[in-house]
Amino acid sequence: MDKERHIERIFFTFRETQEYLGVSKGKLRRLMKSDLPSHRIGKKIVFLKKDIHRWALKH
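Read in this note's numbering, the sequence shown has 58 at position 55, and its numbers run on one by one without any break.
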């Protein structure tokens with residue numbers, strides 16, 4: 004029997020980052036323009052979990 008493999012993602016989606024930080028869509032966009040690290044994969048914006056944790060600890 005095949006065991007289901009669990010692969011942990013290393014990033015948050017835009018919405019997940021919003022929820023994690025407890026901010027609105029507009030506020031998250033403003034944070035991205037200032038110093039919140041983000042990455043683009045195609046048309047999607049993602050945030051590496053380690054970068055978000057590090058950023059949150061500094062702010």
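In this text, a Cβ means the ideal position worked out from N, Cα and C, and glycines have one as well.
None of the values given here were measured: they were computed from a predicted structure.
> Using the C-alpha atoms, what's the distance from I48 back to E11?
Replying inline: Counting from 1 along the sequence shown, the entry for residue 11 is found at position 8. Counting from 1 along the sequence shown, the entry for residue 48 is found at position 45. The alpha-carbon atoms of E11 and I48 are separated by roughly 18 Å.
> With a CB to CB cut of under 6 Å and the five nearest residues on each side skipped, what residues in its chain are close to P40?
Replying inline: Along the sequence shown, read from residue 1 onward, the residue named residue 40 stands at position 37. Here the set comprises D54.
>> Let me check understanding here. Comparing Cα to Cα, which of F17, H56, L60 lies closest to T46?
In response: Counting from one through the sequence shown, the residue named residue 46 turns up at place 43. Per the sequence presented here, residue 46 reads as Lys, with Thr not at that position. Among F17, H56, L60, the Cα nearest to that of K46 belongs to F17.
> Hey, does V26 have any beta-carbon neighbour from chain D nearer than 7 Å?
Replying inline: You won't find chain D in this structure, because it holds only one protein chain.
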